[in-house]
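Heads up: the sequence shown begins at 2 in my numbering, then just goes up one per residue.
For every residue, glycine included, the Cβ atom is placed at its ideal position computed from N, Cα and C.
All values derive from a computational prediction rather than experimental measurement.
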Amino acid sequence: MNRQNFDRSRADNQDNVLDILQRAGISLLWKENDGGDKNVAKNIPLKELARDNREGICDGDTCYDIAMLENLDQEIATQQGNRMIFMHFIGSHGPTYFKRYPKEMAVYQPDCPRADIENCSVEQIVNTYDNTIRYSDYVMSQLLAKLDSLQDRYNTALIYISDHGESLGENGLFLHGMPYSLAPEYQTRVPLLIWMSSGFSQSKGIDVECLRSNSELPYAHQNLFHSLLGVMDVSTKAYQANLDLFAKCRTSQS
2 MNRQNFDRSR ADNQDNVLDI LQRAGISLLW KENDGGDKNV AKNIPLKELA
52 RDNREGICDG DTCYDIAMLE NLDQEIATQQ GNRMIFMHFI GSHGPTYFKR
102 YPKEMAVYQP DCPRADIENC SVEQIVNTYD NTIRYSDYVM SQLLAKLDSL
152 QDRYNTALIY ISDHGESLGE NGLFLHGMPY SLAPEYQTRV PLLIWMSSGF
202 SQSKGIDVEC LRSNSELPYA HQNLFHSLLG VMDVSTKAYQ ANLDLFAKCR
252 TSQS
């Protein structure tokens, strides 16, 4: 399914990409820090973060995303064969943007340390959101450092994508969730980041320079389904090579 023909009931009652990957023999784990997997991971192992009070990590209600990296070495080692870990970060979800980063990471000031953002100025809201982005960058840097350190044992890679963007007062709009036909690009245009160890790109026959040259092409969330199947060499009639963003950059099949 794509955006035009998506149906929630149909989606809940058919295999998704995680189901197909697991059936192909790949070890999977879903780590959750954003209020639920929306049934996406209902058939695979799922680990939800404990929100017990831990200074600098969790406040009993929410956890900073850095907590997702805890026990990662052990979780990877516990899996068998080819393995994938899906991390559902809380990222920059509002309106409580200020809860997404520790106080010492509040670089952009003045920020908006409250949930009722209507009582903050646009400058404060933007600063608070920018602090969440800066903190997400930090979390990604730590995750990449971890994957880099594991190269002597595994061929590692990372794909990061946001589910939606955010309006921060442009034309009087805030948050997200407008109908796609009406939503501004601030809500619909999102980052897609890909990192691969040299061992991973070589084992998969992926030309990294080719990927870089295609980085400005328009992609959509529907590309993720086919790209995950393609890069993990899963053969299925559901796969469409034209929607696999790696396909044109593969010099050989692994």
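- Bounds of any beta strand (DSSP E) do not take in Phe90, whose DSSP letter is neither H nor E.
- Judged by beta-carbon spacing, Leu22 lies within the 8 Å limit of Leu229, meaning their Cβ atoms are closer than that value.
- When DSSP states are grouped into helix, strand and coil, Lys238 belongs to the coil group.
- Just measuring C-alpha positions, the residue of Asp117, Ile126, Glu105, Leu194 sitting nearest Met141 is Leu194.
- For the pair of segments examined, the stretch 129–149 was found to touch the stretch 59–67: the number of CB pairs separated by less than 8 Å reaches three.
- Within the stretch 140–173, the complete beta strand (DSSP E) segments of 3 residues or longer fall at 158–162, listed in chain order.
- Segment contact: the stretch 90–100 against the stretch 118–133, three or more CB-CB distances shorter than 8 Å; contact assigned.
- Annotated as proximal: Thr157 and Ser198, with beta-carbon spacing under 8 Å.
- Note: Ile207 is bridge-paired with Arg251 in the DSSP secondary-structure output.
- Beta-bridge analysis with DSSP links Lys104 to no other residue.
- Leaving aside the five residues that flank Asn83 on each side, the residues in its chain whose CB is nearer than 6 Å to its CB run, in chain order, Ile27.
- In the structure shown, Glu71 falls within a coil segment according to DSSP collapsed to helix, strand and coil.
- For Arg4, the three-state secondary structure derived from DSSP is coil.
- Burial is judged here by how many other beta carbons sit within 10 angstroms of a residue's own beta carbon; Ser93 has at least 16 and is buried.
- Around the beta-carbon of Asp234, fewer than 16 other beta-carbon atoms lie within 10 Å, marking it exposed.
- Between the beta-carbon of Asn3 and that of Gln241 there is about 10 Å, and that puts the pair past the 8 Å contact cut.
- Within the same chain, Leu29, Trp31, Val41, Ala42, Asn44, Ile45, Phe87 come within 8 Å of Leu19 by CB-CB distance, once the 5 residues on both sides are set aside.
- Here DSSP, grouped into helix, strand and coil, assigns Ile195 to strand.
- Put simply, the backbone Cα of Arg135 is about 28 Å away from that of Phe226.
- Sorting Thr189, Leu151, Cys250, Asp117 by C-alpha distance to the C-alpha of Gly178 places Thr189 at the top.
- When the Cα atoms are used, Lys39 and Arg11 turn out to be separated by approximately 14 Å.
- DSSP places Glu56 outside any beta strand (DSSP E), giving it a letter other than H or E.
- Under the three-state reduction of DSSP, Arg115 is assigned to coil, being neither helix nor strand.
- By the 16-neighbour rule on beta-carbons within 10 angstroms, Tyr102 is buried.
- Per DSSP, the unbroken alpha helix (DSSP H) holding Leu230 starts and ends at 223–232.
- Taking C-beta separations shorter than 8 Å and ignoring five residues to either side along the sequence, the partners of Pro185 in its chain run Ser168, Glu171, Asn172, Leu174, Met179, following chain order.
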